[in-house]
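Take a look at the structure set out below.
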């Protein structure tokens, strides 16, 4: 229990991310590739979908729209994360570097939907 309280306290102390550069009214879109990630598993074909990140007109927020289909029958709930860098054209995910974690959040506490900073 102590580590959970410590993590929550750290998150509250750090506050929101500072806006350094955020282009106004800009859209980034990532589409999942058509080639299957894995040749074996509990789904037929590949997971399909996209992630769209759109900056607000005031440049202070980013809205994410996420849509997936053909998810596997096993393994849920499915979590997601962002990487520090883009996945290059060759599709090598390791070149995308580590998970983006500007506040060094340690994931030991469960996600509390009423406190999005914990998720």
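In the working numbering, the protein residues as written are 4 to 122.
Just so you know, even glycine gets a beta-carbon here, dropped at the ideal spot from N, CA and C.
Could you check which residue in the options has the C-alpha nearest to that of residue i?
i, options, result
"residue 70", "35, 115, 106", "35"
"residue 83", "67, 37, 48", "67"
"residue 38", "93, 23, 79, 78", "93"
"residue 48", "72, 96, 98", "72"
Leaving out five residues before and five after residue i in sequence, what residues of the same chain have Cβ atoms less than 6 Å from its Cβ?
i, result
"residue 56", "31, 65, 67"
"residue 15", "The pLDDT assigned to residue 15 is 46, lower than 50, so where the model puts this residue is not dependable, and the model offers no usable value."
"residue 91", "98"
"residue 54", "33, 69"
Within a Cβ cutoff of 7 Å, which residues of the same chain sit near residue i, ignoring the five residues on either side of it in sequence?
i, result
"residue 96", "90"
The region 72-89 in contact with the region 97-116 per 3-pair CB rule at 8 Å:
They touch, by the three-pair rule.
Any contact of the region 22-39 with the region 57-64, i.e. 3+ C-beta pairs under 8 Å?
Judged by pairs of C-beta atoms under 8 Å, the region 22-39 touches the region 57-64, as three or more such pairs exist.
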